[in-house]
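Engineer: There's a structure below that I have some questions on.
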Amino acid sequence: MSDDALDLAPIESILDAFKQEKGAVIPILQQVQEIYGYLPKEALAAISKKAGIPITRLYGVATFYAQFRLTRRGRHLVKVCDGTACHVRGATKIVAGLEEALNVSPGGSDPDYKYSLEIVYCLGSCGLAPIAVVDDKVYGKTDADSLVEQIKQLP
Amino acid sequence: MTVLDNPEQLNDLRLSVLEHLNNRRANQAVVLIGMGTCGIAAGASEVAEAMRKELAQRNLNVKVIGVGCIGMCVKEPLVDIQLPGRPRVTYANVKTDMVPHLVEEHLVNGQIVKKLALAQMVEDGIQPEQELDTYQNLPFYRKQLRIAMRNCGMINPEDILEYIAADGYQGLAKALTSMEPDDVIEEMKDSGLRGRGGAGFLTGVKWEFCRRARGTPKYVICNADEGDPGAFMDRSILEGDPHAVIEGMTIAGYAIGARDGYIYCRAEYPLAIQRLEKAICQAHEYGLLGENILGTGFSFDLHLKEGAGAFVCGEETALIASIEGKRGEPRPRPPFPAVSGLWGKPSNVNNVKSYSLTPQIILNGADWFSKIGTEKSTGTAVFALTGKIKNTGLIEVPMGITLREIIYDVGGGMPRNKRFKAVQTGGPLGGCLPESALDTPVDFDSLTQAGATMGSGGMIVVDQDTCMVEFARYFLTFASAESCGKCVPCRIGGQRLLEVLTRIAEGKGRPEDLNEIEYISTQMQQASLCALGQLTPGPVMASLRFFREEYEAHIRDHFCQAGVCKGMFQYEIDEVKCPGCGLCLKACTSNAIIGEKKQPHVINQVNCIQCGACYEVCNLGAIHISPRVVPLVEVEEAVD
């Protein structure tokens, strides 16, 4: 999807839903990101205009929290946990293996926008360390090779 | 929908649900599957699906219930089977292909599958099974005492009725009908409950500050922004017993005089959020939240706020800023939130565990609670026990238990007979303790005195294969990346510390670096705005205090004894211990191992890339780590 074809209509209904709520910037951005996969500049501009929030403030909030992305994301999101338990059980090797096999660096996407790789800190499943989450599926006690194999099978 | 108009109706409902559950217990077989995040990640959904299919195929009238996490993460997925009138038996590490066999033997033939069964739960009036361990007898459970987690894994968290049957909302009913708000505060003070978020401030005193503060409305806030890597206590409680947190917050609301409460939960916990939403909705339906709760005239509402991924939002003033929709930056205290919090109004912020303990304290009394634990740290502590330990899991133990008991008795010690090296408490803002401190009792003051902190409950055990320099560097990487950047000591101090540690871990450390670490750390501790900056140097300071020789070996000898820091060690084979089994030779991917079958093998250091594959596979301990003959950094210097 190219940015000039961005459909801004959903933003209106999101803003309507939060009209009564005080301090709802974060949930608004969360829902907008849910729709576009990231926060496109046009979307931030639209929120700013319609809700009367200065775009600098939106940008400030969006860049403060790790959850928000300002760039386009690949079709599949691979999150590798580097929380303490995963770290001591080999998360670093998993990241290195994925970087090589998928041609993607942490925080970025591959040139075809098929995969995005993110390092996260603790998903709270330390008992299964090391873990990775691909889209919404959790892979526990995993390693680079088996993870790459699973990921490569994705459409 | 039954709106409960008075406490008697609540009690009637409790009795009728109990009767229903007892009837079911006597007449219908039940299968309970652990469906916390960790259980689901281990495959519990697939197992539940296979179970439902198998039961349908055989036309069996069996109830399948998803429960929360019972804490034995390492044994997930867990499936419990309960036949009418017989004990609840737990099967561990259940795979989908085991389901038909379990159904056939246990549910149809009434025979316990002994070789897969882990333990049984002892219940009043039910004859225990022969030759099967009881939960109370399992080393993992023997020393535990569950109050905050009493319902986790026991009840269906998505059904308020099961919570009500387990004395749920009785604490609230007692507070609303027979206690004045000041009585509730006195009770909490007498119980000695200290804030389970980590700081250990007396909960009752905090409530009192907020009650006495001028200004309305007042707010109750639950800090469920559990950001410490390696900690999942709050998640498990929210997923396994959400109503306990709701009830605790409502009691707090009554005590301080609040009408509204906020739960700030990190977005990384979708299941916890979903269960909370459902629980709040159910509590409304029964009149346990909302207007005129239990007909007492007291009204209270709860709102759920999702975090957006910022560790610093675990700090209370940052958390409040985040609820207000701002950047989650802390501000100086005082004024404390009790005086000026959310929207500038008096607000009480407590951790999930503090709230989930509250209903039990009110119901059973301060005396009951204060008799558990130690004099100055009453009650129980919840820990997420992880790292290099056999029984990874979630535990709740009385305060005062020693670290040794937790690690060796509850945790089962190190896997693969490795040597214990250190235990980290308090997460990335805590500290580590060495073997010599293992007899330290676990309570707020003793841990602080020993050089670590209680923290909110992460407990990570590391063995001989963990390099303490790299371990400290890891925590620093995390904490400095999470610095919000508002104050200079934290923003720049963290980066400088990280540079020094990185230098040491790369073999480029300088003799003056240890002084440098101490200097920067002291500055950060004294001058940072909030706890994040003040505590960021904690792990480095603790590891430098207890493992100084490891830092010195890195700097002086370019040697990493744990075999972690690249280019600072080499693997060697002990020819006396090596029987020439060939396992290491097979594992080696760089043709660095040579040797004839049944003859001691040798590593060719020129080819070796220090991947550690041989070290991992050798079961005989014949491969050890020694200093490199020529450290890599010197090789690089020579090339330059």
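Residue numbers (my numbering), protein chains in the order written: chain A, 1 to 155; chain B, 1001 to 1640.
Ideal placement from N, C-alpha and C gives every residue a C-beta, glycine not left out.
1) Just to confirm the assignment, what range does the beta strand (DSSP E) spanning Asn1292(B) have?
2) Hey, could you find the ends of the beta strand (DSSP E) Glu1160(B) is sitting in?
3) Of all the CB atoms in chain A, is at least one closer than 8 Å to the CB of Gly1261(B)?
4) What does the alpha-carbon distance come out to for the pair Thr92(A) and Ile1395(B)?
5) CB-CB under 6 Å to Thr1374(B), same chain, minus the five flanking residues each way: which ones, in chain order?
6) Give the straight-line distance between the Cα atoms of Val138(A) and Glu1076(B), rounded to the nearest whole angstrom.
7) With 16 as the cutoff for other CB atoms within 10 Å, does Leu1223(B) come out buried or exposed?
8) So, does the region 1293-1304 of chain B touch the region 1490-1500 of chain B, judging by three or more C-beta pairs under 8 Å?
9) Is any beta-carbon of chain A found at less than 8 Å from that of Ser1543(B)?
10) If Cys122(A) and Gly1230(B) are in contact, beta carbons under 8 Å, what's the gap, nearest whole angstrom?
11) Find the nearest neighbour of Val120(A) within the set Gly1227(B), Asp1012(B), Val1410(B), judged by alpha-carbon distance.
12) Between Pro1217(B) and chain A, is the shortest Cβ-Cβ distance under 8 Å, so that the two count as touching?
13) With respect to the alpha helix (DSSP H) encompassing His1020(B), which residues constitute its N-terminal and C-terminal limits?
14) By alpha-carbon positions, which one of Met1072(B), Asp1124(B), Pro1084(B), Ile1033(B) ends up nearest to Val1099(B)?
15) Under 8 Å, Cβ to Cβ, is there at least one residue of chain A near Asp1228(B)?
16) For the alpha helix (DSSP H) that Ala43(A) lies in, which residues bound it at each end?
17) Below 8 Å between beta carbons: does that hold for Val1067(B) and Met1051(B)?
18) Of all the beta strand (DSSP E) runs that stay within the bounds of the region 68-120 of chain A, which reach a length of 3 or more residues?
19) Ile1689(B) CB to nearest chain A CB: under 8 Å?
20) So the candidates are Gly1413(B), Leu1438(B), Gly1411(B), Gly1455(B); which of them puts its Cα closest to the Cα of Leu1429(B)?
21) Please report the residue range of the beta strand (DSSP E) in which Phe1420(B) lies.
22) Below 7 Å on C-beta distance, what does Val25(A) contact in chain B?
23) Return the residue from the list Ala1148(B), Glu1470(B), Leu1118(B) that minimises the CA-CA distance to Tyr1135(B).
24) With a CB to CB cut of under 8 Å and the five nearest residues on each side skipped, what residues in its chain are close to Asp145(A)?
25) Could one say the Cβ of Phe1232(B) lies closer than 8 Å to chain A's Cβ atoms, at least one of them?
26) When DSSP labels each residue in this structure, what does Tyr1262(B) get in the three-state scheme?
27) List the residues of chain A whose Cβ lies closer than 7 Å to the Cβ of Ala1308(B), in chain order.
28) In whole angstroms, what separates the C-alpha of Val1397(B) from that of Ala1092(B)?
29) For Gly107(A) and Val1461(B), I'd like the C-alpha separation in whole angstroms.
30) Which word fits Asp3(A), buried or exposed, when buried means at least 16 other C-beta atoms lie within 10 angstroms of its C-beta?
31) Starting from the C-beta of Pro1441(B), find all residues in its chain whose C-beta is less than 6 Å away, skip the five residues before and the five after it, and write them out in chain order.
32) Could you please tell me which residues of the region 1027-1053 of chain B, in chain order, have their CB closer than 8 Å to any CB of chain A?
33) Measuring only the C-alpha atoms, how far is Lys1063(B) from Ala1029(B)?
34) Using the DSSP secondary-structure output, state which residues sit across from Ser1626(B) in a beta bridge.
35) In whole angstroms, give me the CA-to-CA distance for Leu1302(B) and Ile1609(B).
Structural biologist: Taking the geometry as given:
1) For the purposes of this step, residue 1292(B) is taken as residue 292 along the second sequence, with counting starting at 1. Per DSSP, Asn1292(B) belongs to no beta strand (DSSP E) and is neither H nor E.
2) The sequence position of residue 1160(B) within the second sequence is 160, counting from 1. Checking the displayed sequence, the identity of residue 1160(B) turns out to be Ile instead of Glu. Per DSSP, Ile1160(B) belongs to no beta strand (DSSP E); it is in the alpha helix (DSSP H), 1160-1165.
3) As a working mapping, residue 1261(B) is identified with position 261 in the second sequence. It does not; no Cβ of chain A falls within 8 Å.
4) Counting from 1 along the first sequence, the entry for residue 92(A) is found at position 92. Counting from 1 along the second sequence, the entry for residue 1395(B) is found at position 395. Approximately 28 Å, taken between the alpha carbons.
5) In the second sequence, residue 1374(B) corresponds to position 374, counting from 1. Hits under 6 Å: Met1399, Gly1400, Asp1443.
6) Taking the first residue of the first sequence as 1, we reach residue 138(A) at position 138. Taking the first residue of the second sequence as 1, we reach residue 1076(B) at position 76. Taking the straight line joining both Cα atoms gives about 14 Å.
7) The residue given as residue 1223(B) occupies position 223 in the second sequence. As written in the sequence, residue 1223(B) is Asn, which differs from the Leu given in the question. Classification of Asn1223(B): buried, given that the 10 Å Cβ count is 16 or more.
8) no
9) Indexing the second sequence from 1 puts residue 1543(B) at position 543. No, because no Cβ of chain A sits closer than 8 Å to the Cβ of Ser1543(B).
10) In the first sequence, residue 122(A) corresponds to position 122, counting from 1. In the second sequence, residue 1230(B) corresponds to position 230, counting from 1. About 6 Å separates the two Cβ atoms, so the contact holds.
11) Position 120 of the first sequence, counting from 1, holds the residue named residue 120(A). Checked all of Gly1227(B), Asp1012(B), Val1410(B); the closest Cα to Val120(A) is Gly1227(B).
12) On the second sequence, position 217 is the one that residue 1217(B) refers to. It does not; no Cβ of chain A falls within 8 Å.
13) Position 20 of the second sequence, counted from the first residue, corresponds to residue 1020(B). Unbroken alpha helix (DSSP H) run through His1020(B): 1007-1027.
14) Walking along the second sequence from the start, residue 1099(B) turns up at place 99. Answer by Cα proximity: Ile1033(B).
15) Residue 1228(B) sits at position 228 when you count from the first residue of the second sequence. Cβ-Cβ to chain A under 8 Å: yes for Asp1228(B).
16) Residue mapping note: residue 43(A) aligns to position 43 of the first sequence, counting from 1. Start and end: 41-51.
17) Within the second sequence, the letter at position 67 stands for residue 1067(B). Within the second sequence, the letter at position 51 stands for residue 1051(B). For Val1067(B) and Met1051(B), no; Cβs fall outside 8 Å.
18) 76-81, 115-120
19) Since the first residue of chain B shown is 1001 and the last is 1640, residue 1689(B) is not available in this structure.
20) Within the second sequence, the letter at position 429 stands for residue 1429(B). Leu1429(B) has its Cα closest to that of Gly1455(B), out of Gly1413(B), Leu1438(B), Gly1411(B), Gly1455(B).
21) Residue mapping note: residue 1420(B) aligns to position 420 of the second sequence, counting from 1. Its beta strand (DSSP E) spans residues 1420-1425.
22) Within the first sequence, the letter at position 25 stands for residue 25(A). Per Cβ cutoff of 7 Å: Gly1325.
23) Residue numbering aside, residue 1135(B) sits at position 135 when the second sequence is read from its first letter. It is Leu1118(B).
24) Along the first sequence, one-based indexing puts residue 145(A) at 145. Excluding sequence neighbours, Asp145(A) sits near Gly97.
25) Residue numbering aside, residue 1232(B) sits at position 232 when the second sequence is read from its first letter. For Phe1232(B), the answer is yes, since a Cβ of chain A falls inside 8 Å of its Cβ.
26) One-based indexing of the second sequence puts residue 1262(B) at position 262. Note: Tyr1262(B) maps to strand in three-state DSSP.
27) Numbered from its first residue, the second sequence carries residue 1308(B) at position 308. Neighbours of Ala1308(B) on chain A, chain order: Ile26, Gln30, Tyr65, Gln67, Phe68.
28) Against the second sequence, residue 1397(B) aligns to sequence position 397. Against the second sequence, residue 1092(B) aligns to sequence position 92. Distance between the alpha carbons of Val1397(B) and Ala1092(B) is about 22 Å.
29) As a first step, residue 107(A) is located in the first sequence; it is residue number 107 there, counting from the start. As a first step, residue 1461(B) is located in the second sequence; it is residue number 461 there, counting from the start. Looking at the two C-alpha atoms, the distance is approximately 29 Å.
30) For the purposes of this step, residue 3(A) is taken as the residue at position 3 of the first sequence. For Asp3(A), the predicted model reports a pLDDT of 47, less than 50, meaning its position is unreliable and no value from the coordinates is stated.
31) What you label residue 1441(B) is simply residue 441 of the second sequence in a count that begins at 1. Cβ within range, chain order: Gly1400, Thr1402.
32) Thr1037, Cys1038, Ile1040, Ala1041, Ala1042
33) In the second sequence, the residue the question calls residue 1063(B) occupies position 63. In the second sequence, the residue the question calls residue 1029(B) occupies position 29. Distance between the alpha carbons of Lys1063(B) and Ala1029(B): 6 Å.
34) As a first step, residue 1626(B) is located in the second sequence; it is residue number 626 there, counting from the start. Gln1570(B).
35) The count along the second sequence starts at 1 and reaches residue 1302(B) at position 302. The count along the second sequence starts at 1 and reaches residue 1609(B) at position 609. If I take the Cα positions, the gap works out to 56 Å.
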